[in-house]
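J.: Can you read through this structure? Questions will come right after.
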Amino acid sequence: MFYELAAPSWGQEEVDALQRVITSGRFTMGAQVAAFEQAFAEYFGMRHAVMVNSGSSANLVGIAALCYRQDRPLQRGDEVIVPAISWATTYHPLQQYGLRLRFVDVELDTLNMDVSKLEAALTPRTRAILPVSILGNPAALDVIRAFADAHGLYVFEDNCESMDAELGGRKTGTFGDLNSFSFFFSHHISTMEGGMLLTDDTELAHLSRSLRAHGWTRDLPTDSPVYQRRSEDHFEAYRFILPGYNVRPLEMSGAVGLEQLKKLPAMTAARRRNLALFQSLFAGDERFIIQRENGKSSSFSFTIILNPAAKLDRRKVFAALAEADIGYRIITGGCFLRHDVIQYFDHDIVGGIENANLAHDYGFFVGNHPFDLTPQIERLRDVLDTVCR
């Protein structure tokens with residue numbers, strides 16, 4: 002297409018990294034994954050990084066780790082405050098571990114959790130908040146962290162869409178007790194498939210390492226706080242302590258991740274240059290509601306909500322975009338409460354979700370990539386200007 006939703010970011014460096022792994026004959030996680038984990042933790046200034054096979058698995062393993070920690074574990078029936086807009090696998094682990102979701106609306110301009118509703122969402126059963134920075138734009142993570150600390154709540158930060166964004170000079174993906182990242186094809190760095198958990202909590206890190214690989218102890222040091230080593234015999238290498246999964250990453254993904262991480266600052270800078278152009282062309286046009294930047298966005302994509310007051314026909318807009326060879330899609334997963342799967346969730350809604358519904362019914366996004374998109378963004382502006390007269 003002339004303007005794709007996603008584009009590859011690999012060069013010869015990634016191909017060479019793959020070839021080195023192939024030549025080595027070691028394909029499952031090993032030294033390359035460990036090196037990537039260390040480099041990733043250092044880049045974000047965190048103590049522990051645990052790589053898994055996807056951002057969705059990072060959410061699953063992270064929620065599981067909070068349920069198995071020794072002190073104050075999450076338990077079935079506990080409540081978690083969540084935004085009404087995110088990807089499905091933000092929410093699925095909460096359902097799978099028997100947690101009750103308290104949905105709050107998003108702000109229409111940032112598309113992130115409306116933190117003015119946190120107090121109303123809080124009950125005696127509330128144990129955690131799960132903020133999501135939508136499509137590169139930081140949520141009010143400073144406010145959420147302060148609220149959580151004041152009320153003794155965990156913060157699980159889903160940063161799968163917003164790697165390298167910043168709020169108050171601090172990287173998103175560092176505000177939570179646990180923080181998740183995704184390395185899917187269209188994301189800020191890509192390792193084919195892949196994800197990461199970041200934490201400063203050693204117990205949560207070790208629980209995550211065990212959970213990602215069958216629930217065994219093999220990948221844990223002998224002084225781990227999550228189990229007591231009983232002997233030196235061969236049983237210890239296959240000792241299972243948790244009901245875990247096999248969501249280990251490939252060694253090839255770790256090798257590619259090392260190369261992609263080196264390129265991340267330059268790729269983020271390119272995305273931000275494209276964002277500046279998009280903002281200059283669309284800001285102030287009352288027909289369109291674009292994402293208000295909170296902090297420094299890493300600009301996964303460009304969101305547009307057709308202002309309901311303008312009475313524009315989204316079907317005609319989509320037809321014009323398709324004719325112009327411009328890709329588009331729903332904003333993240335849209336309003337999650339509108340999906341059939343909600344019937345399986347224990348949940349309630351704090352107040353209304355008017356903004357999430359408006360974004361669902363009137364919104365869409367187009368892609369952003371780590372290279373110059375001036376012709377694509379200018380065509381987008383021309384097409385929308387014509388069809389929305």
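179 is the number that my numbering gives to position 178 of the sequence shown; each next residue is one higher, with no gaps.
Built from N, CA and C at the ideal position, the CB exists for glycine as well.
These numbers come from a predicted model, not from an experiment.
Taking 7 Å as the threshold (C-beta atoms), are G245 and G216 in contact?
T.: Yes. Within cutoff.
J.: Exposed or buried, which one is Q261 when buried takes at least 16 other CB atoms within 10 Å?
T.: Sixteen is the threshold: when 16 or more other Cβ atoms of the shown chains lie within 10 Å of the Cβ of Q261, as they do, the residue is buried.
J.: I need the straight-line Cα distance from K304 to R126, nearest angstrom please.
T.: Per the sequence presented here, residue 304 reads as Thr, with Lys not at that position. Between the C-alpha atoms of T304 and R126 there is a straight-line separation of about 35 Å.
J.: Which parts of the segment 102-133 are runs of the beta strand (DSSP E), unbroken and 3 residues or longer, counting only runs that do not cross its ends?
T.: Fully enclosed beta strand (DSSP E) runs of 3 or longer: 127-130.
J.: So, are the CB atoms of P371 and M253 less than 7 Å apart?
T.: no
J.: In this structure, does DSSP put F148 in helix, strand or coil?
T.: DSSP places F148 in helix when its eight states are reduced to three.
J.: Report the rounded CA-to-CA distance for L322 versus G137, giving the unit in angstroms.
T.: So the alpha carbons of these two residues sit roughly 23 Å apart.
J.: If you draw a straight line from the alpha carbon of F346 to that of G195, how long is it in whole angstroms?
T.: 27 Å
J.: In chain order, what residues of the same chain have a beta carbon less than 6 Å from the beta carbon of R293, not counting five sequence neighbours either side?
T.: D110, T111
J.: Mind checking whether E5 and G364 have CB atoms under 7 Å apart?
T.: Not closer than 7 Å, so no.
J.: In three-state DSSP terms, what is C161?
T.: coil
J.: For the ligand HEM, is there any heavy atom lying closer than 6 Å to the beta carbon of G364?
T.: Of the ligands one can find in the structure shown there are none, so the ligand HEM has no counterpart to examine.
J.: Kindly indicate which residue of L95, L251, S298, I290 has the alpha-carbon position closest to the one of P139.
T.: For P139, the nearest C-alpha among the options comes from S298.
J.: To test your reading of the DSSP string, which unbroken alpha helix (DSSP H) runs of 4 or more residues are found completely within the segment 170-224?
T.: 203-213
J.: Rounded to the nearest angstrom, what separates M114 and G153 at their Cα positions?
T.: 19 Å
J.: Should F41 be labelled buried (16 or more other beta-carbon atoms within 10 Å of its own) or exposed?
T.: buried
J.: DSSP three-state call for N138: helix, strand or coil?
T.: coil
J.: Taking three-plus beta-carbon pairs below 8 Å as touching, is the segment 333-346 in contact with the segment 165-175?
T.: no
J.: Is there a C-beta anywhere in chain B that falls below 7 Å from the one on A149?
T.: Included in the structure is just one protein chain, with no chain B present.
J.: By alpha-carbon positions, which one of E324, P132, V81 ends up nearest to T116?
T.: For the sequence presented, residue 116 should be read as Val rather than Thr. Per the Cα distances, P132.
J.: My guess is that V81 and R128 are in contact by the Cβ rule of under 8 Å, so how many angstroms apart are they, rounded?
T.: About 7 Å separates the two Cβ atoms, so the contact holds.
J.: Kindly indicate which residue of E108, V105, T124 has the alpha-carbon position closest to the one of D395.
T.: With the chain covering 2 to 390 only, the question about residue 395 has no answer from this structure.
J.: What first and last residue would you give for the beta strand (DSSP E) that runs through S1?
T.: The requested residue 1 is not part of the displayed model; the chain covers only 2 to 390.
J.: Just the C-alpha distance for A85 and D349, rounded to the nearest angstrom, thanks.
T.: 11 Å
J.: Which of the three DSSP states, helix, strand or coil, is assigned to L307?
T.: When secondary structure is reduced to three states using DSSP, L307 falls in the strand class.
J.: In the segment 349-381, which residue ranges form an unbroken alpha helix (DSSP H) of at least 4 residues, counting only runs that do not cross its ends?
T.: Counting only runs of 4 or more, we get 355-363.
J.: In the DSSP assignment, find the unbroken beta strand (DSSP E) run with V53 in it and report its ends.
T.: Start and end: 49-53.
J.: Do the segment 92-102 and the segment 69-77 make contact, defined as three or more Cβ pairs closer than 8 Å?
T.: yes
J.: Give me the residue from G169, A310, T200 with the minimum Cα distance to F182.
T.: T200
J.: Do you know offhand how far M2's Cα is from T223's?
T.: 53 Å
J.: Would you mind sorting S25 into buried or exposed? The rule is 16 or more other CB atoms within 10 Å of its CB.
T.: So S25 ends up on the exposed side.
J.: So, helix, strand or coil for T333, using DSSP?
T.: coil
J.: For G170, is the classification buried or exposed, using 16 other Cβ atoms within 10 angstroms of its Cβ as the cut-off for buried?
T.: exposed
J.: Apart from the five residues just before and just after Q39, which ones in its own chain have a Cβ nearer than 8 Å to its Cβ?
T.: A50
J.: If distances are taken between C-alpha atoms only, which option among L359, M47, L221, S302 comes closest to A310?
T.: L359
J.: Would you report the Cα separation of S209 and S10, rounded to the nearest angstrom?
T.: 29 Å
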